[in-house]
Structure formats: structure tokens, C-alpha cells
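Scroll down for the structure; my scribbles are underneath it.
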Amino acid sequence: MDIREEILDIAPDGVLFLETPDFDSAIIGVASRFGKDDVVAYDIGKIINILMRYMSELDAVEYFEYNIIGSYVGEKTPVFITLIEKKG
Numbered sequence: 026m027d028i029r030e031e032i033l034d035i036a037p038d039g040v041l042f043l044e045t046p047d048f049d050s051a052i053i054g055v056a057s058r059f060g061k062d063d064v065v066a067y068d069i070g071k072i073i074n075i076l077m078r079y080m081s082e083l084d085a086v087e088y089f090e091y092n093i094i095g096s097y098v099g100e101k102t103p104v105f106i107t108l109i110e111k112k113g
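Each residue of the sequence shown is one higher than the one before, counting from 26 in the working numbering.
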């Protein structure tokens, strides 16, 4: 079972994925919000790294900020999370 199928099992009402399957490896789970639909959660760092396969880091960050996080497509718009590493 691929990650999209696993997520649809968790969120049977459906979710929106980033269109390009290349970003599936950046999925870290499903985010639940009170009174709202579940949404797919992506790791921002992983998305930037995927974009850097095709462009510089600066261009990847700008592309992400404008074209991905800057795009609202309704209540099921994915969320983007910055992971913080615990020290110690």
C-alpha cells in the first residue's frame, strides 16, 4: 500500500495531496483539527530538498513560498510543518 492509500484509510472523507507524486516522500502524516477536515501534513525541509534536485536552494525556497505554501485551495489545503530536532 502506498502512502496516499494509507492516508485515505486514515481520512476517509478525502484529502488533497500536492499534485506531483515526487512530494509523497515528504508526507509525515495527517493533521486533525477540531471541527475541520483532516489534512495531509508535509515536512517543509523534505520539500525543499526535493526541489533542490532541480534548482538552487534559494530558488527552491522561493518556489516553495510562492507556489506551494502560498496556494490556498480550500478547507483541505495541506499543512506544512517545520520539524525541530530535539537536542540532548
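Where a beta carbon is used, it is the ideal one built from N, C-alpha and C, also for glycine.
By how many angstroms is the C-alpha of residue j removed from the C-alpha of residue i?
i: S96; j: E30; result: 24 Å
i: D47; j: V104; result: 17 Å
i: E90; j: G70; result: 12 Å
i: V40; j: T107; result: 20 Å
i: V55; j: A36; result: 8 Å
i: E110; j: M77; result: 21 Å
By the three-class DSSP mapping on this structure, what secondary structure does residue i have?
i: F48; result: helix
i: G60; result: coil
i: F89; result: helix
Within this structure, are the beta carbons of residue i and residue j separated by less than 8 Å?
i: K61; j: E100; result: yes
Can you pull the DSSP bridge partners for residue i?
i: D68; result: I106
Check whether the stretch 62-80 and the stretch 29-45 touch, using three or more Cβ-Cβ pairs below 8 Å as the test. yes
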